[in-house]
Amino acid sequence: DVKVTQSSRYLVKRTGEKVFLECVQDMDHENMFWYRQDPGLGLRLIYFSYDVKMKEKGDIPEGYSVSREKKERFSLILESASTNQTSMYLCASSFLAFPYEQYFGPGTRLTVT
Amino acid sequence: AQSVTQPDIHITVSEGASLELRCNYSYGATPYLFWYVQSPGQGLQLLLKYFSGDTLVQGIKGFEAEFKRSQSSFNLRKPSVHWSDAAEYFCAVGYPNDYKLSFGAGTTVTVRA
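If you read the sequences in order, they're chains A and B.
Just so you know, our numbering puts 14 at position 14 of the first sequence, and the rest follows in order with no gaps.
Add 1000 to a position in the second sequence, counting from 1, and you land on the number used in our numbering.
Here is the structure:
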């Protein structure tokens, strides 16, 4: 079975802190994604990566950056956390080719105070 | 831009009754269609998917979905709901040569005894 793990299930940070969210997948997937999930808004894509050291902005990249140094690991970075970044963060991965089915991690609920 | 609409924000259904969740997509090209389920505090799990062929697809947990090109719809159904089906359900669409998925806002299902 595909496994996508995220480093923390719950995280509480203070405004202005630098925050790292880690995601690891064990299926040799080329694509990895970071989403944030907010009530009534569904999943919104923050960033994705289709190869090591490659990244592309999604729909809401402002205030975030990413790092992919190894194929299995994709990190989301909040350079200076703000209260409006309080949310559920979901990582996913998929093969580069069709059918693009994404596999999700359990999520990290981040609270910024 | 491609978009996915789930018209029902919240549905309440009695245990043992049937369930239908609606999903419409906006783009005209041949889509790849997915339904995911998210139990409270968890990541998303794939229920079923449609790429081509038979327009009625079977998934896990007794769910099925029907693709209707003329209506740009991919509605999810279950004949008899169990209390464990209480969750949030997301419809997603992808297209050839674009490995990103677009997600609907989700439908929350409550099951009453």
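All C-beta atoms, glycine included, are put in the ideal place defined by N, C-alpha and C.
Residue i vs residue j beta-carbon contact at 8 Å
| i | j | result |
| --- | --- | --- |
| Tyr1089(B) | Leu1101(B) | no |
| Ala952(B) | Gln1006(B) | Outside the shown range of chain B (1001 to 1113) lies residue 952(B), about which nothing can therefore be said. |
| Gly1016(B) | Val1081(B) | yes |
| Cys23(A) | Gly105(A) | yes |
| Ser1018(B) | Lys1078(B) | yes |
| Phe1051(B) | Tyr1032(B) | yes |
| Val19(A) | Ser93(A) | no |
| Ser1072(B) | Tyr1025(B) | yes |
| Val1093(B) | Ile1011(B) | no |
CA-to-CA distance, residue j to residue i, given in whole angstroms
| i | j | result |
| --- | --- | --- |
| Met32(A) | Tyr50(A) | 7 Å |
| Val1111(B) | Ser1039(B) | 13 Å |
| Glu30(A) | Leu96(A) | 5 Å |
| Leu110(A) | Tyr10(A) | 6 Å |
| Thr1107(B) | Leu1021(B) | 7 Å |
| Val1057(B) | Glu1066(B) | 6 Å |
| Tyr64(A) | Leu21(A) | 11 Å |
| Lys71(A) | Ser8(A) | 20 Å |
Rounded distance between the beta-carbons of residue j and residue i, thought under 8 Å
| i | j | result |
| --- | --- | --- |
| Leu1047(B) | Glu101(A) | Contact doesn't hold; Cβ gap of about 12 Å is too wide. |
| Leu45(A) | Gly58(A) | 3 Å |
| Phe1103(B) | Leu43(A) | 4 Å |
Amino acids of chain B, ordered along the chain, whose beta-carbon sits closer than 9 Å to that of residue i
| i | result |
| --- | --- |
| Phe74(A) | Neighbours of Phe74(A) on chain B: none; closest Cβ ~14 Å, over 9 Å. |
Beta-carbon neighbours of residue i, restricted to chain A and to distances below 7 Å
| i | result |
| --- | --- |
| Phe1074(B) | Those within 7 Å of Phe1074(B) in chain A number zero; the least Cβ separation is about 15 Å. |
| query | Is there contact here, the segment 21-35 of chain A with the segment 88-96 of chain A, by at least three beta-carbon pairs under 8 Å? | reply | yes
| query | At a cut of 8 Å, does the segment 6-26 of chain A reach the segment 65-82 of chain A through at least three beta carbon pairs? | reply | yes
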